[in-house]
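Engineer: Sharing a structure below in structure tokens format, with a few things to ask.
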Amino acid sequence: MKTFIKGLVLAAALTSSHVSADNKTLNVYAWGGYLPEKSLKQFEQQEGVTINYSTFENNESMYTKLKLLKGGGYDVVFASAYFIEKMGREGLLTELDHAQIPNMKDAMPSLLGQAHDPKNSYSLPYIWGITGLSYNEALVPEGVSRWADLWDKKYSQQVMLIDDIRDVFGMALILNGFSINTKNEKEIEKAYQSLVALKDNVLLYNSDAPHVPYVSGEAALGMQWNGNAYQGQVEMPELKFVMPEEGAVLWMDNFTIPSGSNNKALAHKFINFMYQVSDA
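For the numbering used here, count along the sequence shown from 1 and bump the result up by 127.
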């Protein structure tokens with residue numbers, strides 16, 4: 128779901144990608160496997176349009192591509208809360224017309240008016256959740272209950288981390304008793320050193336389908352999003368999900384409309400529709 132692409136590789140990807148600009152195509156940019164296919168098909172039929180669904184693996188690669196495209200190329204982009212303020216400040220996002228999204232009334236009130244976008248000028252909440260601990264009970268019969276358990280040397284080359292800098296650094300900050308939003312350089316440095324110490328235990332990073340390495344037996348324990356934890360447990364009941372004793376990492380993903388979108392009216396319709404189907 129979530130890989131940095133740099134230099135000529137990214138340039139080549141941009142020039143070779145086919146992003147439709149006609150008003151019968153809605154270009155959506157999100158994580159893979161993120162939106163219900165049934166809902167996408169329903170919107171296509173309702174509006175007589177085609178959805179061109181492109182994916183990214185992390186917020187950083189999404190931002191890099193949108194920046195290079197100067198806010199163009201896509202009509203709806205899903206972004207995590209910690210990127211909204213930056214993208215809005217840099218002119219990459221359209222100011223939303225709330226009158227075109229009447230179903231936003233169904234959004235959880237506690238998710239509106241957050242610090243990253245106090246007036247929800249550029250974003251509206253889609254989903255929220257937590258990043259916690261996951262482990263395969265068959266491989267880790269003793270279980271784990273703390274972030275600190277991932278640092279145990281007996282788990283060398285068995286740990287999977289989410290491929291998301293906010294989640295990983297957030298875990299290290301919480302481990303050390305700091306706020307995930309700290310700007311204190313000494314606290315950030317201490318969290319960084321904690322991650323350096325974890326390096327030998329880390330087998331891989333994944334955010335495209337982070338339940339898969341556990342289900343396949345490739346990873347024994349590590350980080351997990353609550354939604355993917357549920358997916359994993361459906362496939363393998365031995366896969367456990369735990370709220371760490373030190374505290375979980377909270378996250379929220381949001382609807383945004385890039386400033387260079389050629390289909391802003393259709394994008395507003397899509398956001399409004401998604402609130403309708405999520406409420407059904």
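From the three backbone atoms N, C-alpha and C, an ideal C-beta is built for every residue, glycine too. Keep in mind the model is a prediction, meaning the values are calculated, not measured.
When the Cα atoms are used, what is the spatial distance from E269 to Y319?
Structural biologist: Counting from 1 along the sequence shown, the entry for residue 269 is found at position 142. Counting from 1 along the sequence shown, the entry for residue 319 is found at position 192. So the two alpha carbons sit approximately 28 Å from each other.
Engineer: So for P252, helix, strand or coil by DSSP?
Structural biologist: Residue 252 sits at position 125 when you count from the first residue of the sequence shown. Note: P252 maps to strand in three-state DSSP.
Engineer: How many whole angstroms separate the CB atoms of P245 and A234, which I take to be in contact at a CB cut-off of 8 Å?
Structural biologist: The sequence position of residue 245 within the sequence shown is 118, counting from 1. The sequence position of residue 234 within the sequence shown is 107, counting from 1. That pair is no contact at about 15 Å.
Engineer: Determine the burial state of M401: buried for a count of at least 16 other Cβ atoms within 10 Å of its Cβ, exposed for fewer.
Structural biologist: For the purposes of this step, residue 401 is taken as the residue at position 274 of the sequence shown. Its Cβ being crowded by 16 or more others within 10 Å, M401 is buried.
Engineer: On the CB-based measure, 16 or more other CB atoms within 10 Å of its CB, does Y341 come out buried or exposed?
Structural biologist: Residue mapping note: residue 341 aligns to position 214 of the sequence shown, counting from 1. Classification of Y341: buried, given that the 10 Å Cβ count is 16 or more.
Engineer: Entirely within the segment 339–381 and at least 3 residues each: give me those beta strand (DSSP E) ranges in chain order.
Structural biologist: With a minimum length of 3 residues, the continuous beta strand (DSSP E) runs that stay inside the segment 339–381 are 348–352 and 366–369.
Engineer: Using the Cα positions of R216 and D290, report the straight-line distance between them to the nearest angstrom.
Structural biologist: Locating residue 216 in the sequence shown gives position 89, counting from the first residue. Locating residue 290 in the sequence shown gives position 163, counting from the first residue. In a straight line, the C-alpha of R216 is about 25 Å away from that of D290.
Engineer: The beta strand (DSSP E) with I178 in it runs from where to where?
Structural biologist: Locating residue 178 in the sequence shown gives position 51, counting from the first residue. Here the beta strand (DSSP E) through I178 covers T177 to F183.
Engineer: Could you spell out where the beta strand (DSSP E) holding F205 opens and where it closes?
Structural biologist: On the sequence shown, position 78 is the one that residue 205 refers to. Run containing F205: V203 to S207, per the beta strand (DSSP E) assignment.
Engineer: For V404, which residues from the same chain have a beta carbon less than 6 Å from its beta carbon, with the 5 sequence-adjacent residues on both sides left out?
Structural biologist: Numbered from its first residue, the sequence shown carries residue 404 at position 277. Hits under 6 Å: S166.
Engineer: Which value, in whole angstroms, describes the spacing of the CA atoms of L288 and D327?
Structural biologist: Counted from its first residue, the sequence shown places residue 288 at position 161. Counted from its first residue, the sequence shown places residue 327 at position 200. The straight-line gap from Cα to Cα measures roughly 12 Å.
Engineer: Between the alpha carbons of A140 and Y180, how many angstroms are there, rounded?
Structural biologist: For the purposes of this step, residue 140 is taken as the residue at position 13 of the sequence shown. For the purposes of this step, residue 180 is taken as the residue at position 53 of the sequence shown. For A140, the predicted structure reports a pLDDT of 37, less than 50, and the residue's modelled location is therefore unreliable. A value from the coordinates is still provided. Between A140 and Y180, the C-alpha separation is close to 16 Å.
Engineer: Name the residue from S261, T152 and P229 whose alpha carbon lies nearest to the alpha carbon of G354.
Structural biologist: If you number the sequence shown from 1, residue 354 lands on position 227. Cα-wise, what sits closest to G354 is S261.
Engineer: Pick out whichever of S306, R293 and E184 has its Cα sitting closest to the Cα of F159.
Structural biologist: Reading the sequence shown from its first residue, position 32 is the one you call residue 159. According to the sequence shown, residue 159 is Gly rather than Phe. Taking only the C-alpha atoms, the option nearest G159 is E184.
Engineer: Give me whichever residues DSSP pairs with M214 in a beta bridge.
Structural biologist: The residue labelled residue 214 in the question sits at position 87 within the sequence shown. Bridge partners of M214: none, in fact.
Engineer: Nearest-angstrom Cα distance between G256 and V176?
Structural biologist: Taking the first residue of the sequence shown as position 1, residue 256 is located at position 129. Taking the first residue of the sequence shown as position 1, residue 176 is located at position 49. Those two C-alpha atoms are separated by around 31 Å.
Engineer: Using the three-state DSSP reduction, which class does A265 fall into: helix, strand or coil?
Structural biologist: Position 138 of the sequence shown holds residue 265. Of the three classes helix, strand and coil, the one that applies to A265 here is coil, per DSSP.
Engineer: Which residue marks the beginning of the beta strand (DSSP E) containing I289, and which one marks its end?
Structural biologist: By one-based count along the sequence shown, residue 289 stands at place 162. That run of the beta strand (DSSP E) goes V286 to I289.
Engineer: Just to confirm, are N247 and L223 a CB contact at a threshold of 8 Å?
Structural biologist: Along the sequence shown, one-based indexing puts residue 247 at 120. Along the sequence shown, one-based indexing puts residue 223 at 96. Taking 8 Å as the Cβ cut-off, N247 and L223 qualify as a contacting pair.
Engineer: Note down the Cα distance separating F170 from Y209, rounded to an integer number of angstroms.
Structural biologist: For the purposes of this step, residue 170 is identified with residue 43 of the sequence shown, where counting begins at 1. For the purposes of this step, residue 209 is identified with residue 82 of the sequence shown, where counting begins at 1. Those two C-alpha atoms are separated by around 28 Å.
Engineer: Name the DSSP beta bridge partners of W158, please?
Structural biologist: Position 31 of the sequence shown, counted from the first residue, corresponds to residue 158. For W158, which the question treats as bridged, DSSP gives the partners F183.
Engineer: What does the alpha-carbon distance come out to for the pair T309 and K317?
Structural biologist: The count along the sequence shown starts at 1 and reaches residue 309 at position 182. The count along the sequence shown starts at 1 and reaches residue 317 at position 190. The alpha-carbon atoms of T309 and K317 are separated by roughly 12 Å.
Engineer: Are the CB atoms of G198 and P385 nearer to each other than 8 Å?
Structural biologist: Indexing the sequence shown from 1 puts residue 198 at position 71. Indexing the sequence shown from 1 puts residue 385 at position 258. Their beta carbons are under 8 Å apart, which means G198 touches P385 by this criterion.
Engineer: Secondary structure at N333, three-state DSSP: helix, strand or coil?
Structural biologist: Position 206 of the sequence shown, counted from the start, is the residue given in the question as residue 333. Correct three-state label for N333: strand.
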